[in-house]
Structures are given as structure tokens and as C-alpha cells.
Amino acid sequence: MKKQIISAGIVAALVVYFSMTLVVFPQEFASKTPIEPQPIHSISLTDEQIKLGQSFHIAIQIENQNDVSDILITSVAFPKLEQIKDNVEIISYDYTQSPRYIKAEDKLMSEYTLGGLVLAQYPSIEAYSRNVPPDTSYQMELKVTPNDPGSFEVYIKTIAIPHTTDLSHYPYDGMLDSQGEYVSVYTVQVNP
Numbered sequence: 023m024k025k026q027i028i029s030a031g032i033v034a035a036l037v038v039y040f041s042m043t044l045v046v047f048p049q050e051f052a053s054k055t056p057i058e059p060q061p062i063h064s065i066s067l068t069d070e071q072i073k074l075g076q077s078f079h080i081a082i083q084i085e086n087q088n089d090v091s092d093i094l095i096t097s098v099a100f101p102k103l104e105q106i107k108d109n110v111e112i113i114s115y116d117y118t119q120s121p122r123y124i125k126a127e128d129k130l131m132s133e134y135t136l137g138g139l140v141l142a143q144y145p146s147i148e149a150y151s152r153n154v155p156p157d158t159s160y161q162m163e164l165k166v167t168p169n170d171p172g173s174f175e176v177y178i179k180t181i182a183i184p185h186t187t188d189l190s191h192y193p194y195d196g197m198l199d200s201q202g203e204y205v206s207v208y209t210v211q212v213n214p
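So for the sequence shown, my numbering puts the first residue at 23; every next one is plus one.
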């Protein structure tokens with residue numbers, strides 16, 4: 023009799039356990055709204071035209087809107103440079119983490135929700151902050167000295183992680199970079 027009561031108790035506990043894990047908990051998690059950070063950036067260049075050997079400055083202002091972001095990344099890429107070397111100087115930044123330099127051929131994340139990797143096709147600088155509340159802004163200023171005459175392009179994008187919607191990435195449309203992500207393209211004409 024005791025064994026039957028204990029067995030019945032174990033069976034009842036297992037039924038309650040599996041009911042909770044299969045019915046109650048999934049509904050509880052599904053009812054939670056995912057966080058949706060929305061980054062934006064505004065960019066200004068000191069010059070649209072320079073002479074070879076001169077420099078121009080890029081001022082980058084980003085803001086996280088709508089929801090908290092675990093990580094907020096701003097990427098500034100230089101498709102006309104083979105390497106950054108002395109061509110790009112970070113004048114100032116107030117992100118919570120030090121900017122990092124990306125070399126061509128370095129591995130980069132892409133498809134943030136799927137965890138894909140691609141090789142960088144050109145050098146870039148990534149600045150980022152962690153645990154970014156809504157309505158928080160950061161800035162970075164760069165001094166850029168192109169090597170060659172002609173059209174010098176800079177690609178800028180801002181990504182919020184978790185990358186839950188299309189609004190987690192700014193800009194929302196435009197040109198795709200080597201990671202398959204939209205970028206804002208800024209051009210300075212370098213005259214000989």
C-alpha cells in the first residue's frame with residue numbers, strides 16, 4: 023500500500039512537472055514582449071572636397087531609442103584603404119568600450135540572429151557600448167587622410183543587439199556592405 027501511494031505521488035509530481043514545462047512555461051515566455059532597441063546616427067563631415075595630403079574629420083553621433091540594448095556598435099569602414107595605419111586617427115569617443123581596429127580578412131559577425139561569419143573586405147573601426155538604456159547618446163570623431171586622389175568613400179552603420187527586428191540596424195535601407203548590411207555612404211572628393 024505504501025509503495026502504491028509513493029508511486030502515485032511520483033506519477034502526480036511528474037504529471038505536474040511535465041504540464042508546467044509543456045504548457046504553462048512556454049505560454050509565460052511567449053507572452054513576454056521581446057526588447058526592441060532602435061539605434062540611429064547622424065554624421066557630419068568637415069569637407070566634401072580636399073587636396074591629396076589633406077585630412078577631413080567625421081563627427082558621428084549615435085543614439086539608442088525605444089528599448090535597452092545589450093550592445094550598441096558603430097562601424098566605420100574605409101573601402102578605399104588597404105589598411106588603416108596612419109590614415110585614420112580617433113580624435114575622441116565616449117563609448118564605454120575602446121574602439122577596435124578591424125583589418126581586411128578579419129572575421130566579422132553577420133546575420134546577428136543566426137550567428138554567421140564573413141571575412142572583412144576592407145579595414146574598419148568598431149566602437150561599442152554595453153548595457154545601453156533608451157535615449158542614450160555616444161559620439162566619436164575621426165580624422166581621415168586618404169592615400170590616393172579620387173572619390174573616397176566611408177561606410178557607417180549602427181547595430182543594436184539583441185538584433186530583434188529590422189529597426190535594430192541603422193540605416194534601414196540603402197547600399198549593402200560586405201556583411202550584407204545596410205550602410206550610410208559618405209563621399210569626399212580628393213583632388214590631386
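Idealized CB from N, CA, C, for every residue including glycine. For clarity, every value in this text was computed on a predicted model and none was experimentally measured.
Please name the residue or residues paired with residue 131 in a DSSP beta bridge. 139
Quick check: the Cα distance between residue 192 and residue 102, rounded to an integer number of angstroms? 22 Å
According to DSSP, which residues form a beta bridge with residue 191? Looking at the DSSP assignment, residue 191 forms a beta bridge with 181.
Contact check, residue 109 vs residue 167, beta carbons under 9 Å: yes
In terms of residue numbering, what span does the beta strand (DSSP E) encompassing residue 83 cover? 78 to 87
Can you grab the Cα-Cα spacing for the pair residue 198 / residue 205, in whole Å? In this structure, the alpha-carbon of residue 198 lies about 6 Å from that of residue 205.
Just to confirm before moving on: does the CB-CB distance between residue 218 and residue 35 stay below 9 Å? No statement about residue 218 is possible, as the shown extent of the chain runs from 23 to 214 and does not include it.
What is the residue span of the beta strand (DSSP E) that residue 149 lies within? From DSSP, the beta strand (DSSP E) with residue 149 extends over 146 to 154.
Distance, Cα to Cα, residue 173 vs residue 80? 16 Å
When burial is assigned at 16 or more other CB atoms within 10 Å of the CB, is residue 212 buried or exposed? buried
Taking the alpha-carbon positions, what's the residue 98 to residue 89 distance? Rounded to the nearest angstrom, the gap between the Cα atoms of residue 98 and residue 89 is 24 Å.
On the three-state DSSP scale, how would you describe residue 40? helix
Meets three-Cβ-pair contact criterion under 8 Å: the region 139 to 149 and the region 60 to 74: no
Assign residue 162 to buried or exposed, taking buried as 16 or more other Cβ atoms, counted over all protein chains shown, within 10 Å of its Cβ. buried
Quick check: what's the CA-CA separation for residue 202 versus residue 40? Between the alpha carbons of residue 202 and residue 40 lies a gap of roughly 42 Å.
In angstroms, rounded to a whole number, what distance separates the CA positions of residue 23 and residue 37? So the two alpha carbons sit approximately 21 Å from each other.
Quick one: residues in its chain with C-beta nearer than 8 Å to the C-beta of residue 105, no 5 flanking neighbours on either side, listed in chain order? The beta carbon of residue 105 is closer than 8 Å to those of 125, 126 and 145 in its chain, skipping five residues each way along the sequence.
Can you name, in chain order, every residue of its own chain whose Cβ lies under 7 Å from the Cβ of residue 78, other than the five neighbours on each side? 67, 68, 69, 72, 166 and 210
Measuring straight from C-alpha to C-alpha, what distance separates residue 74 and residue 156? 41 Å
CA-CA distance, residue 113 and residue 187? 33 Å
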